[in-house]
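Q: My questions all concern the structure below.
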Amino acid sequence: MTAEQTTLAIPTSIDGIEFVMTSSTGSEVADSAPTRFHYRQDGQMVWGDYVGDTVSVGRFVGRRDGDTITICFAHRLSGGPEIVLGTATSELQRTEDGALRLFETFEKDGELHTSVCIEAPAASDSTDRDLVSVASEGFPMIDGAAFLLESTTASVVSENPTRFEFREAAGIVWGTYRGDTVTTGHCVGRYRDGVLDEYFVHHVVASDATLLGDSSTRVQTREDGRLELVEDFVLDGVPGYSVCVQVS
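Going by this note's numbering, the first residue of the sequence shown is number -2, and it counts up by one from there.
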């Protein structure tokens, strides 16, 4: 380890930092347009977006524990409609010259792979990262919609129920939620054939914990025309069931 490395600690927050993929055992890395990841962080929660190389648009959520980051992601492959869901674990490290990097381990097609991403200057484009330019195929179901938690097996629903707000483009769904037992949360997933497969991370008010989970949600229409989300989820290893109803 060099003297420079010993003086450069791993930052406690990577909010706003961008990383560019430099190598991967899962695919070739395009020198001209490698995958670029933009990270956000609030406490232990991390979330963000990525694009480039084989990915036309991608979103992720996760949790940081020390220098280890566990993420769950959804991305659309370039040149086709396929949406890939998965999980990965990354270690924040310093290179020999002191640069910040992510050393990632992930599974692809049943095999374990690794990739390396290096911190890079922020992209010069001013594109709003919440507006995805990739055209959706078919008709988005919940883009711009908001839902309120109506019932759940995880807790008693208060007078200030959790509110979910969704965006949807290119077959990918992402959003935020807050209220009731949740300070704030982020979600990402894939909507296909009436089912929303989703990953989520949120901060819990009572325990001051940051929890990761996943869910499978049926998007249905009530007699009054409003959409409802009927969700089977697993939160921190505990299965549950909830229903949310559209409010806008």
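Just so you know, even glycine gets a beta-carbon here, dropped at the ideal spot from N, CA and C. Small disclaimer: the values here were computed from a predicted structure and weren't measured.
If you pair each beta-carbon of the segment 182 to 195 with each one of the segment 212 to 223, do three or more pairs fall below 8 Å?
A: yes
Q: Once the 5 residues before and after residue 126 are set aside, which same chain residues still bring their CB inside 6 Å of it?
A: Here residue 126 refers to the residue found at position 129 of the sequence shown. In this prediction, residue 126 has a pLDDT of 46, which is less than 50 and means its spatial position is unreliable; what the coordinates show is noted afterwards. Here the set comprises 46.
Q: Quick one: using the 10 Å Cβ neighbour count with 16 as the cut-off for buried, is residue 135 buried or exposed?
A: In the sequence shown, residue 135 corresponds to position 138, counting from 1. Only weak support is given to the placement of residue 135: the predicted model assigns it a pLDDT of 49, under 50, and the value that follows is read from those uncertain coordinates. It counts as exposed.
Q: In the structure shown, what three-state DSSP assignment does residue 134 receive?
A: Within the sequence shown, residue 134 is the residue found at index 137, counting from 1. The pLDDT assigned to residue 134 is 49, lower than 50, so where the model puts this residue is not dependable, and the model offers no usable value.
Q: Note down, in chain order, each residue of its chain lying with its Cβ closer than 6 Å to the Cβ of residue 84, except the 5 sequence neighbours on either side.
A: Position 87 of the sequence shown, counted from the start, is the residue given in the question as residue 84. Hits under 6 Å: 69.
Q: Buried or exposed, going by whether 16 or more other CB atoms sit within 10 Å of the CB of residue 219?
A: Walking along the sequence shown from the start, residue 219 turns up at place 222. Per the 10 Å Cβ criterion, exposed.
Q: Mind checking residue 206: buried by the 16 CB within 10 Å criterion, or exposed?
A: Walking along the sequence shown from the start, residue 206 turns up at place 209. Exposed, by the Cβ-count rule.
Q: Would you kindly work out how many angstroms separate the C-alpha atoms of residue 18 and residue 173, rounded to a whole number?
A: Here residue 18 corresponds to residue number 21 of the sequence shown, with the count starting at 1. Here residue 173 corresponds to residue number 176 of the sequence shown, with the count starting at 1. In a straight line, the C-alpha of residue 18 is about 27 Å away from that of residue 173.
Q: I need the straight-line Cα distance from residue 154 to residue 161, nearest angstrom please.
A: The count along the sequence shown starts at 1 and reaches residue 154 at position 157. The count along the sequence shown starts at 1 and reaches residue 161 at position 164. Distance between the alpha carbons of residue 154 and residue 161 is about 14 Å.
Q: Determine the direct distance from the alpha carbon of residue 200 to that of residue 53, and round the result to whole angstroms.
A: Residue numbering aside, residue 53 sits at position 56 when the sequence shown is read from its first letter. Residue numbering aside, residue 200 sits at position 203 when the sequence shown is read from its first letter. The straight-line gap from Cα to Cα measures roughly 30 Å.
Q: Does the beta-carbon distance from residue 240 to residue 147 come in below 8 Å?
A: Here residue 240 refers to the residue found at position 243 when the sequence shown is read from its first residue. Here residue 147 refers to the residue found at position 150 when the sequence shown is read from its first residue. For residue 240 and residue 147, yes; Cβs fall inside 8 Å.
Q: Contact criterion: CB-CB distance below 8 Å. Does residue 204 meet it with respect to chain C?
A: Annotation note: the requested chain C is absent from the structure, which comprises a single protein chain.
Q: Do you know how far the Cα of residue 227 is from the Cα of residue 238?
A: Position 241 of the sequence shown, counted from the first residue, corresponds to residue 238. Position 230 of the sequence shown, counted from the first residue, corresponds to residue 227. Their backbone Cα atoms lie some 8 Å apart in a straight line.
Q: My assumption, with CB atoms under 8 Å, is that residue 232 sits in contact with residue 151. Please give the rounded CB distance.
A: Numbered from 1 along the sequence shown, position 235 holds the residue referred to as residue 232. Numbered from 1 along the sequence shown, position 154 holds the residue referred to as residue 151. With 8 Å as the limit, residue 232 and residue 151 qualify as a contact, their Cβ atoms being about 6 Å apart.
Q: Tell me the rounded alpha-carbon separation between residue 86 and residue 80.
A: Your numbering for residue 86 matches position 89 in the sequence shown. Your numbering for residue 80 matches position 83 in the sequence shown. Distance between residue 86 and residue 80, taken at the CA atoms: about 20 Å.
Q: Please classify residue 193: is it buried, with 16 or more other beta-carbons within 10 angstroms of its beta-carbon, or exposed?
A: Taking the first residue of the sequence shown as 1, we reach residue 193 at position 196. Under this definition residue 193 is a buried residue.
Q: On the CB-based measure, 16 or more other CB atoms within 10 Å of its CB, does residue 177 come out buried or exposed?
A: The residue given as residue 177 occupies position 180 in the sequence shown. Buried is the call here.
Q: Measuring straight from C-alpha to C-alpha, what distance separates residue 104 and residue 110?
A: Translated into positions along the sequence shown, residue 104 becomes position 107. Translated into positions along the sequence shown, residue 110 becomes position 113. When rounded, the distance between both Cα atoms is 6 Å.
Q: What would DSSP say about residue 13, mapped onto helix, strand or coil?
A: Indexing the sequence shown from 1 puts residue 13 at position 16. Coil.
Q: Would you mind giving the Cβ-Cβ distance between residue 188 and residue 225, rounded to the nearest angstrom? I have them listed as a contact below 8 Å.
A: As a working note, residue 188 is residue 191 in the sequence shown. As a working note, residue 225 is residue 228 in the sequence shown. Rounded, the Cβ-Cβ distance is 15 Å, inconsistent with contact.
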